[in-house]
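Colleague: Okay, handing you the structure first.
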Amino acid sequence: MHRIFATFCLVACAIVAGVFAPPARAQGAEEILLFESRISVGEDGALTVTETITVNAQGYQIKRGIYRDFPTRYYEPNGLLRTASFEVRSVSRDGAPEPWFTQGMGGGTRLYIGSQDVFIPRGLHTYEIVYRTERQLRYFADYDELYWNVTGNGWAFPIRLARAQVTLPPGATVQQWAAYTGRYGSTDKDARLVGETRRTITIETTRRLNPGSGMTVAVGFPKGFVPDVTPNEAFWRRAWDNLGMFGFLAAIPGIIAYLFAMWVRVGRDPSRKSVIPRFEAPRHLSPGAVSFLYHRGFRTGWRSGASKAFIAALTSLAVKGRIIIDKSGKDMAVVSLDRGYNAMSPDEQAIDTALLNGRSRRELNRKNQSAVRSAVSKFRSTITGTYDGVYYVKNRRYVVFALLMTIAAVVFFLVVDRPNEDIIVPVVFAGVFGIVGLSVFSLALAQLFGVSNTGNWLSAIIMAFFSASFAFVPVLMIATVPPGYITLVPLLLFVAVAMIVLFFWLMPAPTVDGQRLAEEIEGYRLYLSVAEAERMNMEGAPRITPEVYETHLPYAIGLGVEKQWSKAFAAALAKAGKSEASYQPHFYRGGTWESGNIARAVGGMATSIGSSIASATPSSSSSSSGSSGGGFSGGGGGGGGGGGW
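Position 389 of the sequence shown, counting from 1, maps to 389 under the numbering used here, and the rest follow consecutively.
Take a look at the structure:
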């Protein structure tokens with residue numbers, strides 16, 4: 001009984017407390033209860049806008065007050081930029097003046113309402129913002145129009161009710177109107193007309209607007225009530241507003257034309273003459289030099305870690321009797337012989353000095369990594385120091401200049417036009433992903449088709465696959481750019497990058513003397529690569545003896561025709577009634593030599609040298625029109641959004 005009585009008393013007290021308690025402050029989620037905008041179109045075409053925003057502040061996001069974002073740079077449906085002014089006239093909260101300040105933001109201005117050190121009470125607060133803005137009207141042949149994003153589509157809070165009241169200049173009447181609601185691009189029409197006079201129209205939403213949604217209105221009125229813009233004025237306004245884009249669009253074709261003109265001037269190969277077979281190396285060049293000049297660089301074989309030029313030079317040292325290439329043990333080695341000094345070319349002498357340095361033997365393994373790496377480095381520097389730029393000019397400075405001009409054009413566009421993020425991101429992707437992806441992709445193709453001097457066919461295929469995906473990411477990003485002229489910016493940038501990569505490969509060219517030398521090397525290579533039957537038809541071709549074979553073998557290795565040359569030698573032996581097994585080279589010893597097949601033995605020797613150099617010098621790893629029904633929500637002037645701070 002006592003327990004029942006106690007329970008009754010507690011319930012009664014709770015009821016009394018609930019009845020006589022003072023009204024509680026507004027609680028719940030932060031939201032905008034009312035967003036009312038009164039837009040007055042002046043006779044000068046400027047707008048005076050009064051926004052009344054009632055919010056429920058609970059201290060989550062709205063602590064000191066709210067902020068309002070106002071775009072001043074818009075991309076019109078044709079993709080051209082339009083700028084507008086924004087001038088704050090007054091700001092108040094709950095009927096009293098409120099401190100405020102502005103900060104620049106991408107494409108507009110952010111208005112902060114409140115003080116940094118003052119937190120507002122929880123509950124309902126009504127803010128009023130009065131501002132003036134110009135260049136917001138649109139001009140058509142039969143009417144003028146206010147196309148206005150009332151709330152903006154960037155609010156962090158839902159909006160229970162949005163209302164817009166548009167007042168036209170004196171004497172003007174509403175000719176047509178439309179309203180759109182929802183997220184950006186939506187054509188939903190969850191709005192209704194709630195009031196209309198001759199020059200005033202009031203529209204409000206019929207359902208709540210979620211965060212990221214807004215309301216846009218478009219009101220058309222007869223011409224003649226605001227100053228019209230002449231075609232000449234419109235042209236110069238657009239030119240000034242889009243100076244960065246127009247400058248960029250003019251620069252890119254100019255850069256491409258510059259690349260083509262420079263290619264015509266310095267990048268085209270001199271005219272070729274007929275290739276005549278030659279029976280000796282042209283101009284007494286060394287095997288390493290011939291290989292470097294023929295391949296226009298240091299060509300690496302598919303299964304080899306060393307360049308063909310280096311392997312040819314090392315083989316030449318052995319053929320001349322300076323060293324013996326020894327593969328009788330686990331590791332390949334070079335053994336010094338006390339002869340052949342006078343016959344060495346400068347590049348071969350560089351190898352001899354760095355690799356042997358007075359020693360009688362040097363294994364090509366990781367233990368001797370420093371010496372092997374030094375030999376490769378000094379060989380390359382000797383070759384490039386002697387021949388680089390003499391017979392063959394890369395002309396890369398013209399491509400670098402075009403790249404720098406492209407970067408300057410992009411910077412000019414970004415600095416002058418200050419586009420929004422939805423423009424900046426595709427532009428950056430088109431530039432960065434384009435130059436990196438297309439460069440790697442072109443290198444992979446060059447390896448696959450034998451243009452590049454480095455590579456492994458498997459790695460080239462893998463690199464081509466992944467770099468192609470990487471390179472064409474910008475194409476997908478371009479599809480996200482708003483339609484119109486602005487799409488040309490990332491598109492032309494991607495084209496410019498592709499042209500820069502293309503001319504990177506096209507611009508190098510031989511000099512006139514270099515072209516003649518290339519023809520001589522081609523003639524020499526022709527002699528080394530043809531079959532014995534065809535060689536017999538070459539007038540003056542020497543008979544292939546073991547001495548002749550060994551003299552030309554380093555050149556054949558450097559030119560990539562060692563197997564064809566060895567087969568020709570085998571045919572000459574057979575013609576003389578000798579077997580391939582009867583030939584034993586003095587410059588090489590070891591298990592990889594197959595005495596029954598000279599061509600296979602030479603190929604195995606060259607591959608073995610390259611693999612030994614690669615294992616001895618491992619690569620170091622690196623860390624790694626609205627009012628007529630053609631509009632949408634978010635279109636037109638105004639817009640932006642806001643939140644709490």
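Positions of the beta carbon are idealized from the N, C-alpha and C atoms, including for glycine.
#1: Does DSSP put N56 in a helix, in a strand, or in coil?
#2: CB E134 to CB S90, shorter than 8 Å?
#3: Do the CB positions of R322 and D352 come within less than 8 Å of each other?
#4: How is the beta strand (DSSP E) around P71 delimited, first residue to last?
#5: Measure the Cβ-Cβ separation of A700 and K378 and say whether it is below 8 Å.
#6: Tell me which residue opens and which closes the alpha helix (DSSP H) that W148 is part of.
#7: Among the candidates I325, N368, G640 and V217, whose CA atom is the shortest distance from the CA of W148?
#8: Taking Cβ to Cβ, would you say I478 is nearer than 8 Å to L492?
#9: So, helix, strand or coil for Y583, using DSSP?
#10: For T551, name the three-state secondary structure that DSSP assigns.
#11: Report yes if the CB atom of T686 is closer than 8 Å to the CB atom of F221, and no otherwise.
#12: Three or more beta-carbon pairs under 8 Å between the stretch 527 to 545 and the stretch 274 to 281, yes or no?
#13: Let's test the definition: count the other Cβ atoms within 10 Å of the Cβ of M536 and tell me whether it reaches 16, buried, or not, exposed.
#14: Give me the residue from M605, P483, G644 and G642 with the minimum Cα distance to K311.
#15: Output the residue ranges of the alpha helix (DSSP H) runs that lie fully inside the stretch 506 to 553 and measure 4 residues or longer, sorted by chain position.
#16: Please state whether the Cβ-Cβ distance between R589 and S328 is less than 8 Å.
#17: May I have the straight-line CA-CA distance separating R237 from R82, to the nearest angstrom?
#18: Report yes or no: do three or more beta-carbon pairs, one from the stretch 119 to 126 and one from the stretch 157 to 172, lie closer than 8 Å?
#19: Quick check on the DSSP output: what are the complete beta strand (DSSP E) runs of length 3 or more inside the stretch 100 to 125, in order along the chain?
#20: Use the C-beta contact count for N357: other C-beta atoms within 10 angstroms, 16 or more gives buried, fewer gives exposed.
#21: Could you pull the start and end residues of the alpha helix (DSSP H) that F702 belongs to?
#22: Determine the contact status of A471 and G437, defining contact as a CB-CB distance below 8 Å.
#23: Does the stretch 253 to 268 come close enough to the stretch 394 to 403 that 3 or more CB-CB pairs lie under 8 Å?
#24: Here's the rule: buried if 16 or more other CB atoms are within 10 angstroms of the residue's CB, otherwise exposed. What is D69?
#25: Residues in its own chain within less than 7 Å of D190 by CB, not counting five upstream and five downstream?
#26: Taking the C-alpha atoms as reference points, what is the distance between Q564 and I609?
#27: Is it a yes or a no for the stretch 29 to 44 touching the stretch 103 to 123, going by three-plus beta-carbon pairs under 8 Å?
#28: Could you pull out every residue in the same chain whose Cβ sits closer than 7 Å to the Cβ of Y420, ignoring the five residues on either side in sequence?
#29: Between which two residues does the alpha helix (DSSP H) carrying I609 extend?
#30: Return the chain-ordered ranges of every beta strand (DSSP E) run that is complete within the stretch 256 to 292 and spans a minimum of 3 residues.
#31: Where does the unbroken beta strand (DSSP E) through F221 begin, and where does it stop?
#32: Kindly list the residues whose CB is nearer than 8 Å to the CB of A498, restricted to its own chain and excluding five residues on each side of it in sequence; keep chain order.
#33: Can you name, in chain order, every residue of its own chain whose Cβ lies under 7 Å from the Cβ of G641, other than the five neighbours on each side?
#34: In this structure, how does DSSP classify S92 when only helix, strand and coil are distinguished?
#35: My output table needs one value for A191: the three-state DSSP class, helix, strand or coil.
#36: Which residues mark the beginning and the end of the alpha helix (DSSP H) in which I351 is found?
Modeller: Taking the structure as given:
#1: As a first step, residue 56 is located in the sequence shown; it is residue number 56 there, counting from the start. Three-state DSSP puts N56 in a strand.
#2: Your numbering for residue 134 matches position 134 in the sequence shown. Your numbering for residue 90 matches position 90 in the sequence shown. No, they are not a contact pair.
#3: Sequence index remark: in the sequence shown, residue 322 carries index 322 (1-based). Sequence index remark: in the sequence shown, residue 352 carries index 352 (1-based). A contact, by the Cβ cut-off of 8 Å.
#4: Stepping through the sequence shown from its first residue, residue 71 is reached at position 71. Here the beta strand (DSSP E) through P71 covers I66 to P71.
#5: Past the boundaries of the shown model lies residue 700; the chain is included only from 1 to 645, so the question cannot be answered.
#6: Numbered from its first residue, the sequence shown carries residue 148 at position 148. Element bounds for W148: not the alpha helix (DSSP H) but the beta strand (DSSP E), Y143 to N149.
#7: As a working note, residue 148 is residue 148 in the sequence shown. Nearest option by C-alpha distance: V217.
#8: Numbered from 1 along the sequence shown, position 478 holds the residue referred to as residue 478. Numbered from 1 along the sequence shown, position 492 holds the residue referred to as residue 492. Contact flag unset, no.
#9: Indexing the sequence shown from 1 puts residue 583 at position 583. The answer is coil: DSSP assigns Y583 none of H, G, I, E or B.
#10: Along the sequence shown, one-based indexing puts residue 551 at 551. DSSP places T551 in helix when its eight states are reduced to three.
#11: Residue numbering for the chain in the displayed model covers 1 to 645; residue 686 lies beyond these limits and cannot be assessed.
#12: yes
#13: Position 536 of the sequence shown holds residue 536. By the neighbour-count rule (16 or more Cβ atoms within 10 Å), M536 is not buried but exposed.
#14: As a first step, residue 311 must be located in the sequence shown, where it is residue number 311. A quick correction: the sequence has Ile, not Lys, at residue 311. Residue M605 is the option with its Cα nearest to I311.
#15: 512 to 529 and 532 to 535
#16: Walking along the sequence shown from the start, residue 589 turns up at place 589. Walking along the sequence shown from the start, residue 328 turns up at place 328. Cβ distance < 8 Å, so R589 and S328 count as in contact.
#17: Here residue 237 is taken as the residue at index 237 of the sequence shown, counted from 1. Here residue 82 is taken as the residue at index 82 of the sequence shown, counted from 1. Cα to Cα, the separation comes out at about 8 Å.
#18: no
#19: 100 to 105 and 108 to 113
#20: Counting from one through the sequence shown, the residue named residue 357 turns up at place 357. N357 comes out exposed.
#21: A query on residue 702 cannot be resolved here, the shown segment of the chain reaching from 1 to 645 and no further.
#22: As a working note, residue 471 is residue 471 in the sequence shown. As a working note, residue 437 is residue 437 in the sequence shown. Cβ atoms of A471 and G437: closer than 8 Å.
#23: yes
#24: If you number the sequence shown from 1, residue 69 lands on position 69. Label assigned to D69: buried.
#25: Here residue 190 refers to the residue found at position 190 of the sequence shown. Closer than 7 Å at the Cβ level, and outside the excluded window around D190, lie T181, T205, T206 and R207.
#26: Your numbering for residue 564 matches position 564 in the sequence shown. Your numbering for residue 609 matches position 609 in the sequence shown. Computed Cα separation, rounded: 19 Å.
#27: no
#28: Along the sequence shown, read from residue 1 onward, the residue named residue 420 stands at position 420. Residue identity differs from the one stated: residue 420 is Asn in this sequence, not Tyr. The answer, listed in chain order, is G106 and G107.
#29: For the purposes of this step, residue 609 is taken as the residue at position 609 of the sequence shown. Looking at the DSSP string, the run of the alpha helix (DSSP H) that includes I609 is I598 to A616.
#30: none
#31: What you label residue 221 is simply residue 221 of the sequence shown in a count that begins at 1. First-last of the beta strand (DSSP E) with F221: G214 to P222.
#32: Here residue 498 is taken as the residue at index 498 of the sequence shown, counted from 1. Once the five neighbours on either side are set aside, the close Cβ partners of A498 are G434 and L438.
#33: The sequence position of residue 641 within the sequence shown is 641, counting from 1. D69, G152, N153, G154 and W155.
#34: Working through the sequence shown from its first residue, we reach residue 92 at position 92. Three-state result, S92: strand.
#35: Translated into positions along the sequence shown, residue 191 becomes position 191. DSSP places A191 in strand when its eight states are reduced to three.
#36: Along the sequence shown, one-based indexing puts residue 351 at 351. Element bounds for I351: P346 to L355.
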